[in-house]
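The block underneath contains the structure these notes are about, expressed in C-alpha coordinates.
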Amino acid sequence: MHFDARKDFNETNSTNDHIKNFIDAVAHGEKLNCPVELGHEAAITGHLATMALRKEKKVFWNQGEGTYHFG
(Lines of atoms letter the chains of each structure in order from A and count residues from 1; the text may use other names and numbers.)
(Lines give C-alpha, C1' and ligand atoms only; values in the text may rest on other atoms or scores of the structure.)
Protein backbone atom coordinates (compact mmCIF):
# COMPACT_ATOMS: atom_id res chain seq x y z
CA MET A 1 0.00 0.00 0.00
CA HIS A 2 1.36 3.40 -0.91
CA PHE A 3 0.11 6.77 0.27
CA ASP A 4 0.65 10.09 -1.43
CA ALA A 5 0.65 12.78 1.27
CA ARG A 6 -0.52 15.54 -1.06
CA LYS A 7 -3.18 13.55 -2.88
CA ASP A 8 -4.48 11.29 -0.10
CA PHE A 9 -4.29 13.61 2.91
CA ASN A 10 -4.13 17.08 1.35
CA GLU A 11 -0.77 17.66 3.05
CA THR A 12 2.62 18.69 1.80
CA ASN A 13 5.22 16.02 1.21
CA SER A 14 7.22 16.02 4.43
CA THR A 15 10.07 14.05 2.86
CA ASN A 16 11.50 17.21 1.32
CA ASP A 17 11.40 18.98 4.71
CA HIS A 18 13.07 15.97 6.35
CA ILE A 19 15.89 15.88 3.78
CA LYS A 20 16.43 19.63 4.01
CA ASN A 21 16.62 19.47 7.80
CA PHE A 22 19.20 16.68 7.65
CA ILE A 23 21.35 18.50 5.11
CA ASP A 24 21.13 21.74 7.11
CA ALA A 25 22.18 19.86 10.25
CA VAL A 26 25.18 18.25 8.58
CA ALA A 27 26.27 21.27 6.55
CA HIS A 28 25.44 24.11 8.94
CA GLY A 29 25.10 22.57 12.41
CA GLU A 30 21.35 23.13 12.56
CA LYS A 31 19.34 21.14 15.11
CA LEU A 32 17.74 17.93 13.83
CA ASN A 33 13.93 17.78 14.02
CA CYS A 34 14.15 14.19 15.25
CA PRO A 35 16.71 12.62 17.57
CA VAL A 36 19.00 10.22 15.73
CA GLU A 37 18.08 7.36 18.08
CA LEU A 38 14.37 7.76 17.33
CA GLY A 39 15.01 7.79 13.59
CA HIS A 40 17.14 4.66 13.96
CA GLU A 41 14.38 2.84 15.85
CA ALA A 42 11.78 3.88 13.28
CA ALA A 43 13.97 2.64 10.42
CA ILE A 44 14.59 -0.71 12.11
CA THR A 45 10.86 -1.27 12.54
CA GLY A 46 10.21 -0.74 8.84
CA HIS A 47 13.15 -2.89 7.74
CA LEU A 48 12.14 -5.75 10.04
CA ALA A 49 8.57 -5.62 8.73
CA THR A 50 9.83 -5.77 5.14
CA MET A 51 12.12 -8.70 5.93
CA ALA A 52 9.31 -10.63 7.63
CA LEU A 53 6.99 -9.99 4.70
CA ARG A 54 9.53 -11.12 2.11
CA LYS A 55 10.58 -14.25 4.04
CA GLU A 56 7.00 -14.96 5.16
CA LYS A 57 8.31 -15.57 8.68
CA LYS A 58 8.08 -13.84 12.02
CA VAL A 59 11.10 -11.75 12.88
CA PHE A 60 12.19 -11.05 16.45
CA TRP A 61 14.26 -8.03 17.44
CA ASN A 62 16.65 -8.04 20.41
CA GLN A 63 17.00 -4.35 21.16
CA GLY A 64 19.67 -4.85 23.82
CA GLU A 65 21.99 -6.66 21.42
CA GLY A 66 20.85 -4.97 18.23
CA THR A 67 20.23 -8.32 16.56
CA TYR A 68 17.30 -10.14 14.98
CA HIS A 69 16.32 -13.70 14.18
CA PHE A 70 13.51 -15.36 12.30
CA GLY A 71 11.03 -17.56 14.13
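Residue numbers (the numbering used here): 1473 to 1543.
We treat Cβ as the ideally placed atom computed from N, Cα and C, and that holds for glycine.
Mapping DSSP to helix, strand and coil, what is residue i?
| i | result |
| --- | --- |
| Thr1539 | strand |
| Glu1493 | According to the sequence displayed, residue 1493 carries Asn and not Glu. In this structure, Asn1493 counts as helix in the three-state DSSP scheme. |
| Asn1488 | helix |
| Gly1518 | helix |
| Leu1504 | coil |
Quick one: what's residue i bridged to in DSSP?
| i | result |
| --- | --- |
| Val1531 | Phe1542 |
Alpha carbon to alpha carbon, how far is residue j from residue i? Give it in angstroms, no decimals.
| i | j | result |
| --- | --- | --- |
| Val1531 | Glu1537 | 15 Å |
| Gly1511 | Trp1533 | 16 Å |
| Ala1521 | Glu1513 | 12 Å |
| Asp1496 | Ile1516 | 24 Å |
| Glu1509 | Thr1487 | 18 Å |
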